[in-house]
Amino acid sequence: YADKVLAAENPSPEALATALYINGTAAFDLEQTAKAAELFENLVRIRRYGYVWYQLSLCRDRLGNHAGALEAAEKAVEITPQGPRLHDWLAELYERAGQKQKARASARRAAELAAAAEATEHDQARFAD
3 YADKVLAAEN
13 PSPEALATAL
23 YINGTAAFDL
33 EQTAKAAELF
43 ENLVRIRRYG
53 YVWYQLSLCR
63 DRLGNHAGAL
73 EAAEKAVEIT
83 PQGPRLHDWL
93 AELYERAGQK
103 QKARASARRA
113 AELAAAAEAT
123 EHDQARFAD
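Using the working numbering, read the sequence shown as starting at 3 and increasing by one per residue.
Following this line, the structure appears as structure tokens:
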């Protein structure tokens, strides 16, 4: 499906976004990082998805583009500020870049969001019984 959509002359925006995501994720999982990065780069041009920026950040990091990885991680958090995994990854990148204060703030925010998500899950489970 995804390859056919990408080869099509005028795919719908939704079909194109889905195809780019499917193929980008598959390429990343197969450690075809440059290909995954290219697909995710194309996807972030047409859709504003925080987790795709996160995946692009992972690709850039794997490829040795640490400044680009940090930039993409910051964009991911800007778009999806409620994602604990995104803040945790951003904290790691800040730490590696020597930005200790930003690293601590991002790690603290990741912990707060994770605790809030856990409390919500606990409440939902309690009320489901």
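Glycine included, every Cβ here is placed at the ideal spot set by N, Cα and C.
These figures come from a predicted structure and were not determined experimentally.
Review point. Three-state secondary structure (DSSP) at Ser-108?
Key: As a first step, residue 108 is located in the sequence shown; it is residue number 106 there, counting from the start. Helix, per DSSP.
Check your understanding: Taking 7 Å as the CB-CB limit, is Ala-17 close to chain D?
Key -> This model lacks chain D altogether, as it is built from one protein chain only.
Review point. Nearest CA to the CA of Ile-48: which residue from His-89, Tyr-23 and Thr-35?
Key: Numbered from its first residue, the sequence shown carries residue 48 at position 46. Of His-89, Tyr-23 and Thr-35, the residue nearest in Cα terms is Tyr-23.
Check your understanding: What residue from Ser-59, Trp-91, Glu-76 and Ala-99 has the CA that sits closest to Ala-39's CA?
Key -> For the purposes of this step, residue 39 is identified with residue 37 of the sequence shown, where counting begins at 1. If we check each option's Cα against that of Ala-39, Ser-59 comes out closest.
Exercise for review: Might you give, ordered along the chain, the residues of its own chain that have their beta carbon closer than 6 Å to the beta carbon of Arg-111, omitting 5 neighbours on each side?
Suggested key: Here residue 111 refers to the residue found at position 109 of the sequence shown. Excluding sequence positions up to five before and after Arg-111, its CB lies within less than 6 Å of the CB of His-89, all in the same chain and listed in chain order.
Check your understanding: DSSP three-state call for Tyr-59: helix, strand or coil?
Key -> Reading the sequence shown from its first residue, position 57 is the one you call residue 59. For the sequence presented, residue 59 should be read as Ser rather than Tyr. DSSP places Ser-59 within a helical segment (H, G or I) once states are collapsed to three.
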